[in-house]
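For the sequence shown, this note's numbering gives the first residue as 568, with consecutive numbering after it. Glycine is no exception: its CB is placed at the ideal position from the N, C-alpha and C atoms. Model, not experiment: these values are computed from the prediction. Okay, structure first, notes after.
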Amino acid sequence: MNNVKTIQDLLTDRNADAFLLTHLPSIRWTCGFTGSNAALLVDAHRAAFVTDGRYDAQAREEVQGAEVHVYEGSMWTYVEEQSLLSGLDRIVVQSDHMTVDRFSTLTDRFADFTWVPETQVLTRQMASKNPSEIDRIRRAQRTTEAVLDWVVGRIEPGRTERDIAADVVYAHLTRGADSMSFDPIVASGPHAALPHARPTDREIQEGDLIVLDMGGFVNGYASDMTRTLAVGEPGKRARAVYAAVRRAQSAALEQARAGLTGAELDAVARDVLEEDGLADAFTHSLGHGLGLEIHEWPRVSRTSDEEPMPAGACITIEPGVYLPEEEIGVRIEDVVVLEEGGSRNLTDASHDLTVLDPARSAS
């Protein structure tokens with residue numbers, strides 16, 4: 568991956584001489600490096616990539632579009648000794664991904680330079696995925712779908728939420744995921760009505776609804792999927808809530824397209840739930856962007872900014888309804904890529920309510 572030229576083109580608009588990137592996903596997007604320690608300095612004429620000796624061979628194999636520098640000891644001592652900032656004045660830093668201590672170190676040590684803190688550097692550029700990135704997200708979704716199929720076959724009364732969560736992690740890692748994109752949510756019975764419930768030692772019981780929210784990084788790109796299932800017959804009320812959430816998601820999937828704002832798309836699902844008197848029980852946003860991070864711009868929320876979502880953005884669409892007093896919680900989540908005039912769903916898993924036989928034995 569080589570997006571160095573894209574960053575160089577941004578310098579004129581910033582009235583700056585260089586960008587200093589320290590946010591690892593931004594660095595990976597710019598030059599392809601996948602390690603855990605690096606900085607990337609990009610000015611109008613060159614890019615200098617700096618890492619430590621652990622990543623010498625890896626950086627020389629992965630980094631594209633930048634000179635590779637490997638230091639021993641202190642990164643900033645090396646930068647100073649090699650005069651990597653020579654000829655520069657105004658340098659933009661990613662203030663939303665830099666500690667106060669690190670920023671203070673830069674401004675104290677390199678006091679002759681003007682350090683320009685900026686938030687959301689590259690946020691918009693990274694949001695619009697190219698075909699290769701979209702394919703990686705699609706493959707990550709396929710991995711999570713395979714995990715879901717396997718995990719569902721292991722759910723039975725008596726197993727705990729922690730048991731199922733461990734299955735989710737194991738199945739992702741043994742099916743090629745680099746790591747989990749977030750800690751899985753396995754929320755059963757009354758816990759299903761808690762949008763971000765953490766797995767506990769509660770045992771699965773007949774009659775439970777179970778919300779399974781899971782995802783992993785595959786070749787650097789995230790998946791994210793939620794399905795709600797029932798252990799035994801869930802009852803008319805739970806089925807009605809499930810149907811309402813599914814209608815809300817279907818409406819949002821149908822309307823999703825580049826050019827909408829996140830608030831406009833959120834309203835589509837919320838309005839459907841309002842018809843069923845459930846909008847107040849939809850307590851989170853409709854979705855979020857994802858890619859090299861599990862949560863990226865754009866936000867798909869009532870409070871989203873007014874900037875239209877771009878073509879190529881991959882977003883989740885995940886309406887949910889949570890009724891603690893009824894011990895009912897339902898969420899259904901897909902990942903789509905926004906296109907001009909519509910969207911393409913990258914998730915193939917069924918949207919039907921899965922009802923498990925409580926008498927069966929897990930395989």
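If you draw a straight line from the alpha carbon of Met642 to that of Thr589, how long is it in whole angstroms?
Here residue 642 refers to the residue found at position 75 of the sequence shown. Here residue 589 refers to the residue found at position 22 of the sequence shown. One Cα belongs to Met642, the other to Thr589, and the distance between them is close to 12 angstroms.
Could you name each continuous beta strand (DSSP E) segment of 3 residues or more that falls completely within the segment 612–692, going from the start of the chain to the end?
For the beta strand (DSSP E) assignment, the uninterrupted runs of no fewer than 3 residues enclosed by the segment 612–692 are, from N- to C-terminal side, 614–619, 634–638, 657–661, 681–685.
Using only the alpha-carbon positions, how far apart do Asn570 and Gln692 sit?
If you number the sequence shown from 1, residue 570 lands on position 3. If you number the sequence shown from 1, residue 692 lands on position 125. When only Cα atoms are considered, Asn570 and Gln692 end up about 10 angstroms apart.
Cut-off 7 angstroms between Cβ atoms - residues of its own chain near Arg866, not counting five sequence neighbours on either side
Stepping through the sequence shown from its first residue, residue 866 is reached at position 299. The answer, listed in chain order, is Gly829, Ser852, His855.
Let's see if you can read the secondary structure: which residues bound the beta strand (DSSP E) around Ala754?
What you label residue 754 is simply residue 187 of the sequence shown in a count that begins at 1. For Ala754, the uninterrupted beta strand (DSSP E) segment begins and ends at 752–755.
Mind checking whether Leu655 and Ala605 have CB atoms under 7 angstroms apart?
As a first step, residue 655 must be located in the sequence shown, where it is residue number 88. As a first step, residue 605 must be located in the sequence shown, where it is residue number 38. Their beta carbons are not under 7 angstroms apart, which means Leu655 does not touch Ala605 by this criterion.
Compare the Cα-Cα distances from Gln575 to each of Glu900, Met747, Ile658 and report the closest residue.
Sequence index remark: in the sequence shown, residue 575 carries index 8 (1-based). Ranking Glu900, Met747, Ile658 by Cα distance to Gln575 puts Ile658 first.
Can you give me the C-alpha to C-alpha distance between Ala764 and Leu920, rounded to a whole angstrom?
On the sequence shown, residue 764 is found 197 positions in, with the first residue counted as 1. On the sequence shown, residue 920 is found 353 positions in, with the first residue counted as 1. Just so you know, the alpha carbons of Ala764 and Leu920 end up roughly 20 angstroms apart.
Can you name the residues that DSSP bridges to Asp610?
Locating residue 610 in the sequence shown gives position 43, where the first residue counts as 1. For Asp610, which the question treats as bridged, DSSP gives the partners Ala585.
Bridge-paired residues (DSSP) for Ala878
Working through the sequence shown from its first residue, we reach residue 878 at position 311. Answer is none; Ala878 lacks a bridge partner.
Quick one: grab the DSSP three-state call for Leu820.
Your numbering for residue 820 matches position 253 in the sequence shown. For Leu820, the secondary structure class from DSSP, reduced to helix, strand or coil, is helix.
Quick check: the segment 810–826 against the segment 836–852, are at least 3 beta-carbon pairs closer than 8 angstroms?
In this structure the segment 836–852 touches the segment 810–826; the number of beta carbon pairs closer than 8 angstroms is three or more.
Here's the rule I'm using: 16 or more other beta-carbon atoms within 10 Å means buried, otherwise exposed. How should Ala789 be labelled?
Sequence index remark: in the sequence shown, residue 789 carries index 222 (1-based). Ala789 should be labelled buried.
Just to confirm, is the Cβ distance from Ala819 to Leu827 under 7 angstroms?
Position 252 of the sequence shown, counted from the start, is the residue given in the question as residue 819. Position 260 of the sequence shown, counted from the start, is the residue given in the question as residue 827. It is not a contact, given that the beta carbons lie outside the stated cut-off.
Per DSSP, the bridge partner or partners of Asp730:
On the sequence shown, residue 730 is found 163 positions in, with the first residue counted as 1. For Asp730, DSSP records no beta bridge to any residue.
Let me know the beta strand (DSSP E) ranges lying completely inside the segment 848–876, each 3 residues or longer, listed in chain order.
Every beta strand (DSSP E) of 3 residues or more that sits fully in the segment 848–876 is shown, in chain order, as 854–856, 863–867.
Within 7 angstroms, strictly: CB atoms of Gly756 and Asp775:
Within the sequence shown, residue 756 is the residue found at index 189, counting from 1. Within the sequence shown, residue 775 is the residue found at index 208, counting from 1. Yes, Cβ-Cβ distance for Gly756 and Asp775 is below 7 angstroms.
Within 7 angstroms, strictly: CB atoms of Glu906 and Thr883:
Stepping through the sequence shown from its first residue, residue 906 is reached at position 339. Stepping through the sequence shown from its first residue, residue 883 is reached at position 316. No; because the gap between Cβ atoms is not below 7 angstroms, this pair is not in contact.
Could you give the distance in angstroms between the alpha-carbon of Glu892 and the alpha-carbon of Asp843?
Here residue 892 corresponds to residue number 325 of the sequence shown, with the count starting at 1. Here residue 843 corresponds to residue number 276 of the sequence shown, with the count starting at 1. In a straight line, the C-alpha of Glu892 is about 17 angstroms away from that of Asp843.
Quick check: the segment 871–888 against the segment 736–756, are there 3 or more CB pairs under 8 angstroms?
Taking 8 angstroms as the limit for Cβ pairs, the verdict is that the segment 736–756 does not touch the segment 871–888.
Roughly how many whole angstroms lie between the Cα atoms of Leu857 and Thr579?
One-based indexing of the sequence shown puts residue 857 at position 290. One-based indexing of the sequence shown puts residue 579 at position 12. The C-alpha of Leu857 lies about 28 angstroms from the C-alpha of Thr579.
Given a threshold of 16 other Cβ atoms within 10 Å of its Cβ, counted over all protein chains shown, does Lys572 qualify as buried or as exposed?
One-based indexing of the sequence shown puts residue 572 at position 5. Looking at its Cβ environment, which holds fewer than 16 other Cβ atoms inside 10 Å, Lys572 is exposed.
Does DSSP put Thr601 in a helix, a strand or coil?
Here residue 601 is taken as the residue at index 34 of the sequence shown, counted from 1. Correct three-state label for Thr601: coil.
How big is the Cα-Cα spacing for Arg676 and Trp864?
As a working note, residue 676 is residue 109 in the sequence shown. As a working note, residue 864 is residue 297 in the sequence shown. Taking the straight line from one Cα to the other gives about 33 angstroms.
6 angstroms Cβ shell around Ile701 - same chain, five flanking residues per side excluded:
Counting from one through the sequence shown, the residue named residue 701 turns up at place 134. Val904.
Could you check what DSSP says for Gly829 in three-state terms: helix, strand or coil?
Locating residue 829 in the sequence shown gives position 262, counting from the first residue. Helix, per DSSP.
Going by beta-carbon coordinates alone, are Gly799 and Glu773 separated by less than 7 angstroms?
Here residue 799 refers to the residue found at position 232 of the sequence shown. Here residue 773 refers to the residue found at position 206 of the sequence shown. Taking a C-beta distance under 7 angstroms as the contact criterion, Gly799 and Glu773 qualify as a contact pair.
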